[in-house]
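One structure is given below, encoded as structure tokens.
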Amino acid sequence: MMSSIHAVHSTETSVPSKDVDKEKNRLKQACRDFESLLAAQLVKSMRASVLRDEEPDHAMGLYESMLDEGLADVWSRQESLGLGQWLYRSLEPLLAKKEEPR
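Take the sequence shown: its letter number 35 is residue 35 in the UniProt record's numbering, and every next letter is one higher.
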């Protein structure tokens, strides 16, 4: 009985190779998305620190927000900041451990 439980446990922790590749792609995208969100927040904070003669109206604020998000998205896709790459390299070994049977 104990050996059959162990066998079930082994199959649950073992992840097929194509599933690991899929998980790696998902992790890479999540790291890029995180980098994009962080960069957008950084740009937003930098913009808020600039002294202005008057506050922008709603339309201008919306435009600036969209511009900031667009810039952050481009930066993350081009891997300009390197945060997404670093995060992926830090987390990717955890997926490899998931693939190994225990």
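Ideal Cβ positions, reconstructed from N, Cα and C, are used throughout, including at glycine. The model shown is predicted, which means the values in this text are computed figures rather than measured ones.
Measuring alpha carbon to alpha carbon, tell me which residue in the options is nearest residue i.
i          : options        : result
residue 77 : 23, 41, 30, 22 : 30
residue 74 : 90, 43, 22, 87 : 43
residue 82 : 49, 39, 18     : 39
With C-beta atoms as the reference, is residue i less than 8 angstroms away from residue j?
i          : j          : result
residue 67 : residue 20 : no
residue 24 : residue 79 : no
residue 72 : residue 36 : yes
residue 88 : residue 28 : yes
Counting along the chain, where does the alpha helix (DSSP H) carrying residue i start and finish?
i          : result
residue 82 : Looking at the DSSP string, residue 82 is not in any alpha helix (DSSP H), and its letter there is neither H nor E.
residue 36 : 17-48
residue 69 : 58-77
Just the C-alpha distance for residue i and residue j, rounded to the nearest angstrom, thanks.
i           : j          : result
residue 84  : residue 46 : 21 angstroms
residue 33  : residue 63 : 21 angstroms
residue 108 : residue 54 : Limits of the chain in this structure are 1 at one end and 102 at the other, which puts residue 108 out of reach.
residue 41  : residue 69 : 9 angstroms
residue 26  : residue 60 : 35 angstroms
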